[in-house]
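Enquirer: Numbered by this note's numbering, the letters in the sequence shown go through residues 238 to 618 in order. Glycine included, C-beta positions come from ideal geometry on N, C-alpha and C. Below is a structure I'd like to ask you about.
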Amino acid sequence: MDEALDQLRDLATQADGVDRHKVLDAIRDLQLQLETPHDTLSRFSGLQLEIAAARIGVDLDIFKTLEENAQPLSTAVLSSKTNAAPLVMSRLLRYLASVGMIQEVSRDNFAANAITKTLAQPGYEGGIRHFFDNIGPVLQSFPDFLAETKYQDVSNATNSAFQKAFSTDLPAFVWLPTKPERFAPLQQVMTVQGTAGVPWFSVFPFEKELGDFADTDVFVDVGGGFGHQCLALLAAFPGLRGKIILEDLPQTFEQIPFKLDGIEPKPHNFFEPQPVKGARFYYLRNILHDWPDDKCIAILQPLIAAFGPASQIIIDEMVLPDSGVSWEATTIDLTLMASFGSRERTTAQWHALLDAAGLKVLRIDTYQARRQDSIIQAIPK
Ligand SMILES: C[S@@+](CC[C@H](N)C(=O)[O-])C[C@H]1O[C@@H](n2cnc3c(N)ncnc32)[C@H](O)[C@@H]1O
Numbered sequence: 238m239d240e241a242l243d244q245l246r247d248l249a250t251q252a253d254g255v256d257r258h259k260v261l262d263a264i265r266d267l268q269l270q271l272e273t274p275h276d277t278l279s280r281f282s283g284l285q286l287e288i289a290a291a292r293i294g295v296d297l298d299i300f301k302t303l304e305e306n307a308q309p310l311s312t313a314v315l316s317s318k319t320n321a322a323p324l325v326m327s328r329l330l331r332y333l334a335s336v337g338m339i340q341e342v343s344r345d346n347f348a349a350n351a352i353t354k355t356l357a358q359p360g361y362e363g364g365i366r367h368f369f370d371n372i373g374p375v376l377q378s379f380p381d382f383l384a385e386t387k388y389q390d391v392s393n394a395t396n397s398a399f400q401k402a403f404s405t406d407l408p409a410f411v412w413l414p415t416k417p418e419r420f421a422p423l424q425q426v427m428t429v430q431g432t433a434g435v436p437w438f439s440v441f442p443f444e445k446e447l448g449d450f451a452d453t454d455v456f457v458d459v460g461g462g463f464g465h466q467c468l469a470l471l472a473a474f475p476g477l478r479g480k481i482i483l484e485d486l487p488q489t490f491e492q493i494p495f496k497l498d499g500i501e502p503k504p505h506n507f508f509e510p511q512p513v514k515g516a517r518f519y520y521l522r523n524i525l526h527d528w529p530d531d532k533c534i535a536i537l538q539p540l541i542a543a544f545g546p547a548s549q550i551i552i553d554e555m556v557l558p559d560s561g562v563s564w565e566a567t568t569i570d571l572t573l574m575a576s577f578g579s580r581e582r583t584t585a586q587w588h589a590l591l592d593a594a595g596l597k598v599l600r601i602d603t604y605q606a607r608r609q610d611s612i613i614q615a616i617p618k
């Protein structure tokens, strides 16, 4: 048995890319198959605690502090650094180690492991805050919201579990920007969301599509958040310096923690007329999945109105298969239903939406197999 487990471990640690996801999914399946009813109940009992404890770890800078220290730190040191009572700190550390967020190296001594190092980074720290502070209350309201609306497909941008959770009539993306302490973590996590694997322009023939386009406005990242995709594109194609425009809400630009070198920032509401006319690429990553179809059409129409003869839209989103959708994609899909009254879309749903907006799809290229992250290239019909 031990030898077989060692072989499995060797195999698993050598896997990368698609194989790594296969191994992870196989381990997950195996774990579920092995569970007794007691194990199943224990797993459920820990789900909410895990994110709550991670949030406490972030609040107390436990992950950052351990990551910054090459040597293990004792409970007493962490307790004095944070002013948390030694008993509270020791129980917290014991829990965090037991679920693998930190490493217990000896009695009362803890060090950073790979997960600690992840959670110490701003994007993932933002993820903990966003999932706990923003998504947590929404999911708490989700079952009652669905029961009250009799499990009908009533949700829209102003009527989803989000409005019930936060007692507002506003769409999430109107309410959240008015709350900087909630909006900043959302923007931070977007910079690392879905970053595993190959970049989108490795499957999309960017240079070929750019061709001999000579104007300055090459690439407009519509709702581009902190500009991480613009920066990645510029790093891959340095000739685009000064030719990339980042658009988002003014509140987003107020939160960007770094300098956007070589990229033009343009505060803009994408429901208003598009200020950049005739660009080669209007790029929308994870924008349309935040909105129901009618709002997506309202986002796409100002872009079509701004089109020049060489313009095209590139949509960077999941394109779901009709069956066998991965847990990662279904998790995001239901979170979108609860938060925005929106959804991830299948190939047929994308074609129907873009057709209704007056667009035709030229090609769909998938660059991340598990989530089915894909590039949809579209031009007016
Ligand atoms: C899910 S995030 C995606 C961010 C980025 N495109 C990415 O893929 O990481 C949605 C983005 O849309 C922006 N947004 C929401 N409503 C907007 C509006 N009316 N006008 C412009 N941007 C908006 C948000 O601020 C946020 O940056």
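Quick one, which of Ile481, Arg419, Trp412, Lys318 has its alpha-carbon nearest Phe369's?
Expert: Numbered from 1 along the sequence shown, position 132 holds the residue referred to as residue 369. Nearest option by C-alpha distance: Arg419.
Enquirer: Taking the alpha helix (DSSP H) that Ser378 belongs to, which residues open and close that run?
Expert: Mapped onto the sequence shown, residue 378 falls at position 141. Residues 373-385.
Enquirer: Using 7 angstroms as the cut-off, classify the Cβ of Leu573 as near or not near the heavy atoms of ligand 1, replying yes or no.
Expert: On the sequence shown, position 336 is the one that residue 573 refers to. Flag unset: Cβ of Leu573 not near ligand 1.
Enquirer: Just checking my contact of Leu557 with Ala594 at CB under 8 angstroms: how many whole Å lie between their CB atoms?
Expert: For the purposes of this step, residue 557 is taken as the residue at position 320 of the sequence shown. For the purposes of this step, residue 594 is taken as the residue at position 357 of the sequence shown. So it is not a contact: roughly 19 angstroms between Cβ atoms.
Enquirer: Give the DSSP-derived three-state secondary structure of Lys618 in the structure shown.
Expert: Numbered from its first residue, the sequence shown carries residue 618 at position 381. Three-state result, Lys618: coil.
Enquirer: Below 7 angstroms, is the gap between the Cβ of Thr405 and the nearest heavy atom of ligand 1?
Expert: Walking along the sequence shown from the start, residue 405 turns up at place 168. No, since every heavy atom of ligand 1 falls outside the 7 angstroms radius drawn around the Cβ of Thr405.
Enquirer: Hey, how far is the Cα of Ser397 from the Cα of Phe382?
Expert: Counted from its first residue, the sequence shown places residue 397 at position 160. Counted from its first residue, the sequence shown places residue 382 at position 145. Roughly 7 angstroms between the two C-alpha positions.
Enquirer: State the beta-bridge partners of Pro502 as determined by DSSP.
Expert: Here residue 502 refers to the residue found at position 265 when the sequence shown is read from its first residue. Leu483.
Enquirer: Do Val375 and Ala394 count as a contact pair if the criterion is CB distance below 8 angstroms?
Expert: Translated into positions along the sequence shown, residue 394 becomes position 157. Translated into positions along the sequence shown, residue 375 becomes position 138. Contact flag unset, no.
Enquirer: Please report the distance separating the alpha-carbon of Asp253 from that of Gly294.
Expert: In the sequence shown, counting from the first residue as 1, residue 253 sits at position 16. In the sequence shown, counting from the first residue as 1, residue 294 sits at position 57. Straight-line Cα distance between these residues: approximately 29 angstroms.
Enquirer: Please list the terminal residues of the continuous alpha helix (DSSP H) segment that includes Phe403.
Expert: Start at 1 with the first residue of the sequence shown, and residue 403 comes out as number 166. Residues 398-403.
Enquirer: Could you tell me which residues DSSP puts in a beta bridge with Gln549?
Expert: The sequence position of residue 549 within the sequence shown is 312, counting from 1. DSSP lists Phe518 as partners of Gln549.
Enquirer: Closest to Leu297 by C-alpha separation, out of Leu470, Glu362, Ala249, would be which residue?
Expert: Here residue 297 corresponds to residue number 60 of the sequence shown, with the count starting at 1. Taking only the C-alpha atoms, the option nearest Leu297 is Glu362.
Enquirer: CB-CB under 7 angstroms to Ala566, same chain, minus the five flanking residues each way: which ones, in chain order?
Expert: Indexing the sequence shown from 1 puts residue 566 at position 329. Cβ within range, chain order: Met555, Leu557, Glu581, Arg608, Gln609.
Enquirer: Out of Pro539, Asp239, Ile601, Thr250, state which residue places its alpha-carbon closest to the alpha-carbon of Pro442.
Expert: Numbered from its first residue, the sequence shown carries residue 442 at position 205. Selected option, being the one with the closest Cα: Ile601.
Enquirer: Does the stretch 503-514 come close enough to the stretch 419-429 to have 3 or more Cβ pairs within less than 8 angstroms?
Expert: These segments do not touch.
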